[in-house]
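Take the position in the sequence shown, starting the count at 1, then add 4; the result is the number in the working numbering.
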Amino acid sequence: MENIAVTRADYIDGLSLKVFFSDHTSRVIDFGDYIERHPHPQYNKYRKPMLFKQFTIRCGNLIWGKHADLSFPIEALYAGDLEMTD
């Protein structure tokens, strides 16, 4: 995965985003199932759509929280398989 980056992400609903990549592909990703099955004090708050929507894109990756409370490897986002992080 050479030089692939997230260029934009649009909130869809619930805990889903449409993620756009630098190679002009896009993918709708539902983060809800992953967050529910992997509870963690650092990112449980992102179960709330109001907080989930407050993501940023830093260095080509999606980041939640000022200190990167929640993020996923670009390979997992690109594949649409958040389980690749386990």
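Glycine included, C-beta positions come from ideal geometry on N, C-alpha and C.
{"Item": "Going by alpha carbons, who is nearest to Y82 out of L19, Y50, R31 and A13?", "Value": "R31"}
{"Item": "I'd like to know whether the C-beta of Y50 is nearer than 7 Å to at least one C-beta of chain D.", "Value": "Protein chain content of the structure displayed is limited to a single chain, and chain D is not contained in it."}
{"Item": "Which runs of the alpha helix (DSSP H) fall wholly inside the segment 8-79 and span at least 4 residues, in chain order?", "Value": "36-41 and 53-56"}
{"Item": "Nearest to F59 by CA position, among N7, I16 and T29, is which residue?", "Value": "I16"}
{"Item": "Going by CA-CA distance only, name the one from L19, F24, H71 and S20 that's closest to G64.", "Value": "F24"}
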